[in-house]
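Novice: Under our numbering, the sequence shown has 129 at position 128, and the numbering climbs by one with no breaks. Even for Gly, the Cβ is constructed at its ideal location relative to N, Cα and C.
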Amino acid sequence: MDGLGARFLAMHDTGTFVMANVADAGTARAVSGAGIAAIATTSSGHATTIGRRDAAGDVTLDEHAEHTATLVAAASVPCNVDAENGYGHEPEDMAAAVRRFAATGAAGMGIEDWSGDPERGLYDRALAIARIEAAVEAAAALDEPFVITGRTEVLLYGLDGGLDETMARLQGFAEVGAHCLYAPGTWDRPTIRTVVDEAGGPVNVLVPLGRPGFRPDGSPDLTVDDLAEMGVRRISLGGSLYSAQVAFAAELARQVLGTGSLASNLVVG
Numbered sequence: 002m003d004g005l006g007a008r009f010l011a012m013h014d015t016g017t018f019v020m021a022n023v024a025d026a027g028t029a030r031a032v033s034g035a036g037i038a039a040i041a042t043t044s045s046g047h048a049t050t051i052g053r054r055d056a057a058g059d060v061t062l063d064e065h066a067e068h069t070a071t072l073v074a075a076a077s078v079p080c081n082v083d084a085e086n087g088y089g090h091e092p093e094d095m096a097a098a099v100r101r102f103a104a105t106g107a108a109g110m111g112i113e114d115w116s117g118d119p120e121r122g123l124y125d126r127a128l129a130i131a132r133i134e135a136a137v138e139a140a141a142a143l144d145e146p147f148v149i150t151g152r153t154e155v156l157l158y159g160l161d162g163g164l165d166e167t168m169a170r171l172q173g174f175a176e177v178g179a180h181c182l183y184a185p186g187t188w189d190r191p192t193i194r195t196v197v198d199e200a201g202g203p204v205n206v207l208v209p210l211g212r213p214g215f216r217p218d219g220s221p222d223l224t225v226d227d228l229a230e231m232g233v234r235r236i237s238l239g240g241s242l243y244s245a246q247v248a249f250a251a252e253l254a255r256q257v258l259g260t261g262s263l264a265s266n267l268v269v270g
């Protein structure tokens with residue numbers, strides 16, 4: 002896996018690429034073989050596959066690291082880790098998580114500013130920035146480049162401060178060296194443009210498969226070209242690919258039970 006960290010870091014310098022979040026080794030191998038430039042874990046998909054809740058502390062750092070190592074071994078492209086809150090509250094916890102995930106062969110990880118505790122909620126801005134700074138410093142001490150994505154949940158959860166607070170946090174993450182900036186909930190064109198223009202670094206935009214994209218001609222979806230034109234560096238799919246797989250399997254089962262037919266347009270190897 003030598004060189005994947007450097008490759009992943011360089012992919013954030015120019016152009017636009019799609020990163021597919023996957024929940025199992027078979028899908029990791031399939032999408033990388035299909036030409037996807039990078040894969041990522043999906044905390045929601047992984048949690049679902051083992052019967053846990055997402056963003057609730059139900060999946061441990063070791064469990065996620067073992068899962069990541071399985072995906073890394075299955076794919077030939079860089080793997081990013083959807084590390085939720087970094088498996089701890091304090092900056093030193095972020096450094097430990099960086100070292101743990103880097104040891105799996107992952108090429109980077111994203112760290113959220115949502116604590117995972119409904120009573121605590123969002124980390125205050127200063128702590129959120131300090132956590133990213135600690136992760137960046139830990140990554141810099143590694144032998145291989147390791148991409149740190151600073152992520153804020155303000156827009157996703159509709160929290161106080163809205164876009165202004167989102168931008169302040171993203172700019173703070175950029176100032177302490179985050180390699181990529183991410184604010185899920187940036188699904189309309191004006192917000193995407195603002196984030197790309199003002200965040201202070203390469204931007205990831207989450208576009209779940211099938212989500213309306215507010216195109217001016219009224220058609221339903223944002224395209225890769227649309228996002229590239231706006232300057233987005235990285236497009237992630239979140240848990241939507243895994244959700245689509247599950248929904249498709251359920252629909253096939255309903256067809257078999259409802260019609261008795263075992264015919265399908267899907268070619269199975």
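#1: How would you label L258, buried or exposed, when you count the other beta carbons within 10 angstroms and need 16 or more for buried?
#2: Just to confirm my understanding: we take R100, look at its own chain, exclude 5 residues before and 5 after, and list those with CB closer than 8 Å. What are they?
#3: Quickly, what does DSSP pair S116 with across the bridge? List them, please.
#4: With a threshold of 16 other CB atoms inside 10 Å of the CB of R255, please say whether the residue is buried or exposed.
#5: What is the DSSP secondary structure of L263, reduced to helix, strand or coil?
#6: What's the C-alpha gap between A31 and A84?
#7: Please report the straight-line C-alpha distance between V137 and L207, rounded to a whole angstrom.
#8: Mark G6 as exposed unless 16 or more other C-beta atoms lie within 10 angstroms of its C-beta, in which case mark it buried.
#9: Cα separation between A229 and V197?
#10: In angstroms with no decimal places, state the Cα-to-Cα distance between Q172 and T69.
#11: In this structure, does DSSP put V196 in helix, strand or coil?
#12: So, using beta-carbon positions, are T28 and V82 closer together than 7 Å?
Specialist: Based on what the coordinates show:
#1: exposed
#2: A139 and L143
#3: DSSP output for S116 lists no bridge partner at all.
#4: exposed
#5: Shown here, L263 sits in coil according to DSSP, grouped into three states, outside any helix or strand.
#6: 23 Å
#7: 22 Å
#8: Classification for G6: buried.
#9: Going from the Cα of A229 to the Cα of V197 covers about 11 Å.
#10: Straight-line Cα distance between these residues: approximately 29 Å.
#11: helix
#12: no
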